[in-house]
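What follows is a short report on a single structure.
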Amino acid sequence: MFILLVMLSTLPATTEPIIIRGGTVESFPALQLQNNKILPEHEFGYKEVTDCIEQQLNIDIQWQAMPTNRLLKMLAENELDIGFSLGFTEQRSAYLQPSQYVKIDHDYFLFKDNSLNLDDKQLSIAVKRGSPQQDHLARQGYNNIYPVSDYNELIPLLLNHRINAVSLPFSLLASVQSSIEQHQLLLKKHHSRGTGFYLSPTFASQYLPALNTAILQCRQHALPNTTQPL
Numbered sequence: 003m004f005i006l007l008v009m010l011s012t013l014p015a016t017t018e019p020i021i022i023r024g025g026t027v028e029s030f031p032a033l034q035l036q037n038n039k040i041l042p043e044h045e046f047g048y049k050e051v052t053d054c055i056e057q058q059l060n061i062d063i064q065w066q067a068m069p070t071n072r073l074l075k076m077l078a079e080n081e082l083d084i085g086f087s088l089g090f091t092e093q094r095s096a097y098l099q100p101s102q103y104v105k106i107d108h109d110y111f112l113f114k115d116n117s118l119n120l121d122d123k124q125l126s127i128a129v130k131r132g133s134p135q136q137d138h139l140a141r142q143g144y145n146n147i148y149p150v151s152d153y154n155e156l157i158p159l160l161l162n163h164r165i166n167a168v169s170l171p172f173s174l175l176a177s178v179q180s181s182i183e184q185h186q187l188l189l190k191k192h193h194s195r196g197t198g199f200y201l202s203p204t205f206a207s208q209y210l211p212a213l214n215t216a217i218l219q220c221r222q223h224a225l226p227n228t229t230q231p232l
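Per this note's numbering, residue 3 is the first one in the sequence shown, and the count goes up by one each step.
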């Protein structure tokens with residue numbers, strides 16, 4: 003009995019997970035929270051990916067949803083540790099540290115007029131304010147970008163003939179599929195990018211290599227499985 007007690011006393015104690023402050027975009031319908039945790043869904047695998055990363059790193063991410071610009075600001079000021087799922091852009095990556103990509107997303111134009119020249123830089127195109135779509139179109143020289151505060155505002159603008167087209171990521175197309183079918187909207191892919199985590203400066207200095215290693219192990223859970231090299 004004495005030997006058994008000695009053996010048990012020398013076993014390492016289970017380390018409690020480290021609490022990590024995470025942020026998501028509140029207007030992103032594909033990623034919903036409950037009790038500071040990502041809810042399961044069947045289209046993208048966000049919960050499976052983040053659960054796997056938490057297990058790999060022995061961390062407990064406490065998520066909160068907020069507007070995009072506030073999320074990015076809080077990351078830059080070390081008030082949050084990580085943000086997910088965020089599209090990588092040159093503008094964001096100039097002041098925040100991106101992770102390895104978790105998956106690849108694609109931007110689509112949605113429009114009504116089949117004769118529309120989507121390369122015309124004078125087209126009026128609506129986007130979510132602060133989104134990767136806004137950043138990309140501005141860098142491509144489009145002159146009439148119409149930013150709105152919520153993704154839900156985009157399709158009504160198109161249907162009411164206020165703009166020529168909208169730009170949405172593939173991860174949001176399912177949420178507007180009924181409108182696409184009902185109004186016979188047209189789609190054209192126009193850009194692809196990596197998506198994943200942005201890290202605060204402090205968190206990146208401590209966790210970036212370990213997080214990237216965990217992503218390589220866990221991104222197989224991302225759906226659809228678009229983890230081929232960019």
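In this text, a Cβ means the ideal position worked out from N, Cα and C, and glycines have one as well.
Look at residue 87 here: in three-state DSSP terms it is strand. The straight-line gap separating the alpha-carbon atoms of residue 203 and residue 183 is approximately 44 Å. Residue 170 and residue 187 do not touch by the CB rule: their CB atoms are close to 11 Å apart, not below 8 Å. In the DSSP assignment, residue 195 falls within the unbroken beta strand (DSSP E) covering 188-201.
A direct Cα-Cα distance of roughly 16 Å separates residue 56 from residue 102. Note on the stretch 97-152: whole alpha helix (DSSP H) runs with a minimum of 4 residues are 134-141, in chain order. In the DSSP secondary-structure assignment, residue 24 is bridged to 65, 84.
If you look at residue 51, you'll find it in the alpha helix (DSSP H) that goes 48-59.
The shortest CA-to-CA distance from residue 177 to any of 45, 20, 38 is the one to 45. Per DSSP, the continuous beta strand (DSSP E) segment holding residue 171 begins and ends at 167-171. Note on residue 223: 16 or more other CB atoms within 10 angstroms of its CB, so buried under the neighbour-count rule. By DSSP's assignment, residue 75 forms no beta bridge with any residue. Per the coordinates, the alpha-carbon of residue 213 lies some 11 Å from the alpha-carbon of residue 54. Assignment of beta-bridge partners to residue 40 by DSSP yields 35.
If you draw a 10 Å sphere on the C-beta of residue 143, you find fewer than 16 other C-beta atoms in it, and that means exposed. In the structure shown, residue 30 falls within a coil segment according to DSSP collapsed to helix, strand and coil. Rounded to the nearest whole angstrom, the CA to CA distance from residue 71 to residue 180 is 29 Å.
Residue range 179-184 is occupied by the alpha helix (DSSP H) that includes residue 181. For residue 92, the uninterrupted alpha helix (DSSP H) segment begins and ends at 92-95. The beta carbon of residue 225 lies closer than 7 Å to those of 45, 46, 47 in the same chain, with the five residues before and after it left out. No Cβ-Cβ contact shorter than 8 Å links residue 164 with residue 107. The Cβ atoms of residue 220 and residue 58 sit closer than 8 Å to each other.
Sequence-distant Cβ neighbours of residue 42 in its own chain, meaning closer than 6 Å and more than five residues away, are 49. Per DSSP, reduced to three states, the secondary structure at residue 221 is helical. Cβ contact annotation for residue 83 (same chain, cutoff 6 Å, sequence separation greater than five): 22, 23, 202, 205, in chain order.
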